[in-house]
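Worksheet: the structure to be examined is printed underneath.
Protein chains: 2
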Amino acid sequence: MNNSEFDVIKKYFSFSSDRDDVVIAAGDDCAAVTVSPGKKLLITTDTLISGVHFPEETSPEDIAYKSLMVNLSDLAAMGATPAWVTLAITLPDIDEAWLSAFSLEFSSVLSAFNISLIGGDTTKGALSITIQAMGLCDENRMMRRDRAKPGDKVFVTGFLGDAAVGLKAVVGGLNDEKLSACVERLNRPEARASFAEELTQYVRCAIDLSDGLAADLGHVLDASSCGARIQLSDVPISLAARYYFIRYNISVTDWSMVIAQGDDYELCFTASTDDESAIKTLAEKHRLKLSCIGVVTQETKLEFIAADNEIMKFPDTGFKHFS
Amino acid sequence: MNNSEFDVIKKYFSFSSDRDDVVIAAGDDCAAVTVSPGKKLLITTDTLISGVHFPEETSPEDIAYKSLMVNLSDLAAMGATPAWVTLAITLPDIDEAWLSAFSLEFSSVLSAFNISLIGGDTTKGALSITIQAMGLCDENRMMRRDRAKPGDKVFVTGFLGDAAVGLKAVVGGLNDEKLSACVERLNRPEARASFAEELTQYVRCAIDLSDGLAADLGHVLDASSCGARIQLSDVPISLAARYYFIRYNISVTDWSMVIAQGDDYELCFTASTDDESAIKTLAEKHRLKLSCIGVVTQETKLEFIAADNEIMKFPDTGFKHFS
């Protein structure tokens, strides 16, 4: 077999797609697509590096899944419908079994979201995956970071902290069946795409929780020039994460794994009290846990309120890529 | 100083731009742009890895320049006007001098082509740069690989083989001033963007020469189900490359450096004889060397004809990323 780039692309990255807006996918200098009039094109890109963004022993299926999902989560956070992706993959060598598994999972996620792979690049080096995802959104329906208003309520989907617990389980080699749900959340986060698309009926301000609630909500508040008061008792923590805190003697008053670590890829958004009931109904329709965790304030500071009404501080929040 | 990802992006990758089609650039989950009705969106992505795609001692300016230019060359090869790019950069550490130099050159190329940097990702690891470039083109003006027709003439811009000679000079440590033009062509290829945009008046079939004439023209002929006869004596070779072949005793009948190596990023296109004169005038307007090197044939084979009318064979053509 001739292991050239062309063969790899042909064998592992040529997927069929039903999208009629793809004029040219692979096989030319560029891909070409049609953007519907009235739609904005939304673009996001994320690189995942082996040993940095996922442990080296992560399965090819989980790498394929997560590298797509973190990008789809960014599109969801703005209310865009995903449409096309490109994949720039750097591989240490041609491992047929690895590529087959990666390719199958990648294709499966694309199908589930009705996305076309329209291009990419294959290079040799340390394992690294850069995906660019493109989606479409009506301009007046985009959910932006700079649209939070004092008086809005703050919501999050799902549970926070599961990915942080999952990482502890993986890195610490904890062979504890009761934490498997958290490891699953770390490796296979879910972009809240279909919920987010409908959410744009009510919501103008959202972000996805990639760096942790404190950092990401902080970005929203910075961009919107306001603050927020978050009730820690309302922050949703899963049973598996609660089990971890008790079993491994993590103080319940140490919220940093829940608040200041990332990778949960849940949505955080702000909405008017008037729309709270409609939004809750929408979450139920999507079988999605939804929690109201606080309120947007005029004063430009982010406060986390503990059960005893003490204000907690998180000095160093979020994932620092160069720290 | 806190060397986090946010600081790097803010300090080195926040450029102003005059484009009014950018709704949101940096600072949200996605970038958002407006695609004009009637235009197709063209997308290309390329990864450059230190030690693979450029020697490790390459200057940050040359890396910034070339990583952009190879993508702009892909857009030019389809006749698209460049509009926006994203940059996913993986850095071994925060080297302020390196980042300053890279950033300045990157910004300068973007300005020259009226392109906005609308997003990206910064990660830690072995030096690697993935750029996705997006451009716009009228659908009926796209230059595709599958549009060559028997009887068309085959043209190339510039000179071929200079980058291959430049690479020999760099890798071989040849400290020969007379080869500096070839090293310059290796490090600083020029995307034929403005010429290509106007060329779409006459031409429906083009490719850029990244893997070498034999491989790239081969792609065109495969996609178009036809062949070509190329006169080697008409293939343009620069004075500097000719000097190299003589000075370093490379047989003038060994055409592999000119035909079967890449990185020249010149355009190769096919056109009707009727348009030859208009195309030559256009090339003169752009002060671009243009050579007619052969003709498209019905029979599906690519033949290179030497001066003695012998047909030359190039068994292994093009750059194999995994060989």
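Protein chains in written order, with our numbering: chain A, 59 to 381; chain B, 59 to 381.
Each residue gets a CB set at the ideal place from its N, CA and C atoms; glycine is no exception.
From a predicted model like this one, the values you see are computed outputs, not experimental measurements.
Where residue i falls, given that 16 or more other Cβ within 10 Å makes a residue buried
| i | result |
| --- | --- |
| P150 (chain B) | exposed |
| D366 (chain A) | exposed |
| I369 (chain B) | exposed |
| S309 (chain B) | exposed |
| A273 (chain B) | buried |
| F71 (chain A) | buried |
| D179 (chain B) | buried |
| T103 (chain A) | buried |
| V356 (chain A) | Checking the displayed sequence, the identity of residue 356 (chain A) turns out to be Gln instead of Val. So Q356 (chain A) counts as exposed. |
| D78 (chain B) | exposed |
| S268 (chain B) | buried |
| L297 (chain A) | exposed |
| L271 (chain A) | buried |
| D153 (chain A) | exposed |
Residue i versus residue j: straight-line alpha-carbon distance, rounded
| i | j | result |
| --- | --- | --- |
| V212 (chain A) | K124 (chain A) | 26 Å |
| Y301 (chain B) | A221 (chain B) | 14 Å |
| F171 (chain A) | A141 (chain B) | 27 Å |
| R243 (chain B) | I107 (chain B) | 19 Å |
| A299 (chain B) | S158 (chain B) | 34 Å |
| G320 (chain A) | H277 (chain A) | 14 Å |
| V354 (chain A) | K207 (chain A) | 6 Å |
| I363 (chain A) | Q289 (chain A) | 5 Å |
| D210 (chain A) | K97 (chain A) | 27 Å |
| W156 (chain A) | L145 (chain A) | 16 Å |
| D76 (chain A) | L237 (chain A) | 39 Å |
| R199 (chain B) | T116 (chain B) | 37 Å |
| S349 (chain A) | E342 (chain A) | 12 Å |
| K378 (chain B) | L130 (chain B) | Residue placement at K378 (chain B) is poorly supported in this model, since its pLDDT is 48, which falls under 50; the coordinates still yield a value, given next. Distance between the alpha carbons of K378 (chain B) and L130 (chain B) is about 22 Å. |
| G230 (chain A) | H344 (chain A) | 34 Å |
| E119 (chain B) | D292 (chain B) | 34 Å |
| F112 (chain B) | Y323 (chain B) | 15 Å |
| R203 (chain A) | I295 (chain A) | 24 Å |
| R262 (chain A) | F253 (chain A) | 14 Å |
| D332 (chain B) | F217 (chain B) | 24 Å |
| R205 (chain B) | C284 (chain B) | 10 Å |
| S335 (chain A) | Y260 (chain A) | 11 Å |
| A191 (chain B) | R305 (chain A) | 50 Å |
Partners in chain A for residue i, counting only beta-carbon separations shorter than 7 Å
| i | result |
| --- | --- |
| D104 (chain B) | D179 |
| A138 (chain B) | C88 |
Closer than 9 Å at the beta carbon, the chain C residues around residue i
| i | result |
| --- | --- |
| I288 (chain A) | Of the chains in the structure shown, none is chain C; the protein chains are A and B. |
Terminal residues of the alpha helix (DSSP H) in which residue i lies
| i | result |
| --- | --- |
| T339 (chain A) | E334 to K343 |
| R305 (chain A) | L297 to R305 |
| R243 (chain A) | S238 to N245 |
| P140 (chain B) | Counting along the chain, P140 (chain B) falls outside any alpha helix (DSSP H), though it belongs to the beta strand (DSSP E) covering T139 to L149. |
| F160 (chain A) | E154 to A170 |
| I107 (chain B) | No alpha helix (DSSP H) contains I107 (chain B), which is instead part of the beta strand (DSSP E) from K97 to I107. |
| L360 (chain A) | Looking at the DSSP string, L360 (chain A) is not in any alpha helix (DSSP H); the run it does join, the beta strand (DSSP E), is L360 to I363. |
| V278 (chain A) | L271 to S282 |
| S252 (chain B) | A251 to L257 |
| D266 (chain B) | That residue, D266 (chain B), is in no alpha helix (DSSP H); its beta strand (DSSP E) goes C263 to D266. |
| I121 (chain B) | P118 to M136 |
Start-to-end residues for the beta strand (DSSP E) that takes in residue i
| i | result |
| --- | --- |
| G230 (chain B) | Run containing G230 (chain B): none; DSSP gives neither H nor E here. |
| A191 (chain A) | S186 to D196 |
| G85 (chain A) | Taken as a continuous stretch (DSSP letters only), G85 (chain A) belongs to no beta strand (DSSP E), as it is neither H nor E. |
| V214 (chain A) | K211 to T215 |
| I317 (chain B) | Run containing I317 (chain B): none in the beta strand (DSSP E); it sits in the alpha helix (DSSP H), S314 to I317. |
| I176 (chain B) | S174 to K182 |
| V354 (chain B) | L348 to T355 |
| L325 (chain B) | L325 to A329 |
| G285 (chain B) | G285 to Q289 |
Chain-ordered chain A contacts of residue i [CB-CB under 9 Å]
| i | result |
| --- | --- |
| I101 (chain B) | C88, A89, A90, V91, W142, T144, I176, G177, Q190 and M192 |
| A281 (chain B) | G85 and D86 |
| V261 (chain B) | Here the premise fails: no neighbours, minimum Cβ distance about 13 Å. |
Within chain B, partners of residue i - CB distance below 7 Å
| i | result |
| --- | --- |
| I148 (chain A) | The sequence shown places Thr at residue 148 (chain A), rather than the Ile named in the question. Here the neighbours are T105, I107 and S186. |
| E256 (chain A) | Ordered by position in chain B, no residue passes the 7 Å Cβ test against E256 (chain A), which lies about 17 Å from the chain. |
| G183 (chain A) | I107, V110, A184 and S186 |
| D132 (chain A) | D87 and C88 |
| M127 (chain A) | Chain B residues near M127 (chain A): none, gap ~14 Å exceeds 7 Å. |
| D321 (chain A) | None at all; the shortest Cβ gap to chain B is about 15 Å. |
Proximal chain A residues relative to residue i, where beta-carbon distance stays under 8 Å
| i | result |
| --- | --- |
| P95 (chain B) | P95 |
| R203 (chain B) | G85, D86 and D87 |
Per-residue contacts from residue i into chain B (C-beta, under 8 Å)
| i | result |
| --- | --- |
| E248 (chain A) | Per Cβ cutoff of 8 Å: no residues; E248 (chain A) is ~16 Å from chain B at best. |
The stretch 192-200 of chain A contacting the stretch 132-152 of chain A, beta-carbon criterion three pairs below 8 Å: By the criterion of at least three beta-carbon pairs nearer than 8 Å, the stretch 192-200 of chain A is in contact with the stretch 132-152 of chain A.
Segment contact flag, the stretch 178-193 of chain B with the stretch 228-248 of chain B, C-beta cutoff 8 Å, min 3 pairs: Contact between the stretch 178-193 of chain B and the stretch 228-248 of chain B is absent: fewer than 3 CB-CB pairs across the two stretches fall below 8 Å.
Contact the stretch 161-177 of chain B vs the stretch 84-94 of chain A: 3+ CB pairs below 8 Å: Under the three-pair Cβ rule at 8 Å, the stretch 161-177 of chain B does not count as touching the stretch 84-94 of chain A.
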